[in-house]
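The block underneath contains the structure these notes are about, expressed in structure tokens.
There are 2 protein chains.
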Amino acid sequence: MDKKIQIKGNECPVARSLEIIGDRWTLLILRDMFKKKMKHFQEFLSADEKISPNLLSNRLKKLTEYGIIENKLYSEHPPRYEYTLTPLGRELGPVLQSLWDFGKKYTQS
Amino acid sequence: MDKKIQIKGNECPVARSLEIIGDRWTLLILRDMFKKKMKHFQEFLSADEKISPNLLSNRLKKLTEYGIIENKLYSEHPPRYEYTLTPLGRELGPVLQSLWDFGKKYTQS
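Protein chains in written order, with the numbering used here: chain V, 1265 to 1373; chain Z, 1265 to 1373.
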């Protein structure tokens, strides 16, 4: 992973990270991958927060373009993909963990 | 801080955290407070990402309602407020730090 993701025009590392993952749906998809080991489009759709198919598809595409996740065709008829974190994507573990820790300790449902 | 923030209807700690801070502008404001020690409305407006006054005002209000930040009147004519992190807000440090670390290590401008 010596190749860095290029986010033009922003000198701040936090702002650059947020260009990639600074939206609620993206972070919920990453949670589903990290914590719930989800891999399939239908599984992400079934999460409690009820992401729409369009949004899900848009966010998976964006994460794939950034190299955070990758997809593999696992069924041809009908075509179905499996989404997994890349080694780069797994480096986002501490972000997800810190959100989990804060939520666990300082919020309740 | 024995009183937890109540986020109804969500069993997932990550999702509850994201209800509070799961949007780019909110996280940029928190960055300005944590990393740049900003306190004043005009300072937040001047950050590189150019948040609009309406959005800024909306996000500061939301963070205040959740008890993440607090404001203090520091000038009466005209009325001006100073915004600071509460002890609860400071517990978000690891979230900001993990975003900084990822951005620093794996992205470039």
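Here a beta-carbon is modelled for each residue, glycine too, at the ideal position from N, C-alpha and C.
- With contact defined as three or more Cβ pairs closer than 8 Å, the region 1284 to 1291 of chain Z and the region 1274 to 1294 of chain V are in contact.
- Counting only runs of 4 or more residues that sit fully inside the region 1304 to 1369 of chain V, the alpha helix (DSSP H) segments are 1305 to 1309, 1317 to 1329 and 1351 to 1354, in chain order.
- Contacts with chain V at 8 Å (Cβ-Cβ) include residue 1366 (chain Z).
- In this structure residue 1274 (chain Z) is in contact with residue 1373 (chain V), their Cβ atoms being roughly 5 Å apart against a cut-off of 8 Å.
- Residue 1277 (chain V) is classed as buried because its beta carbon has at least 16 other beta carbons within 10 Å across all chains shown.
- Sixteen is the threshold: when 16 or more other Cβ atoms of the shown chains lie within 10 Å of the Cβ of residue 1294 (chain Z), as they do, the residue is buried.
- Residue-level contact check: residue 1323 (chain V) does not touch chain Z, since none of the beta carbons of chain Z fall below 8 Å from its beta carbon.
- Between residue 1281 (chain V) and residue 1328 (chain Z) a beta carbon distance of about 25 Å is seen, past the 8 Å cut, so the two are scored as non-contacting.
- Contact with chain V is found for residue 1277 (chain Z), since one of that chain's Cβ atoms lies less than 8 Å from the residue's Cβ.
- For residue 1329 (chain Z), no CB of chain V lies under 8 Å from its own CB, so it is not counted at the interface with that chain.
- The beta carbon of residue 1333 (chain Z) sits no closer than 8 Å to any beta carbon of chain V.
- Taken in chain order, the whole alpha helix (DSSP H) runs of length 4 or more contained in the region 1271 to 1302 of chain V are 1277 to 1285 and 1288 to 1298.
- Fewer than three pairs of CB atoms, one per stretch, sit closer than 8 Å, so the region 1322 to 1341 of chain Z makes no contact with the region 1324 to 1339 of chain V.
- Here the alpha carbon of residue 1349 (chain Z) sits roughly 13 Å from the alpha carbon of residue 1300 (chain Z).
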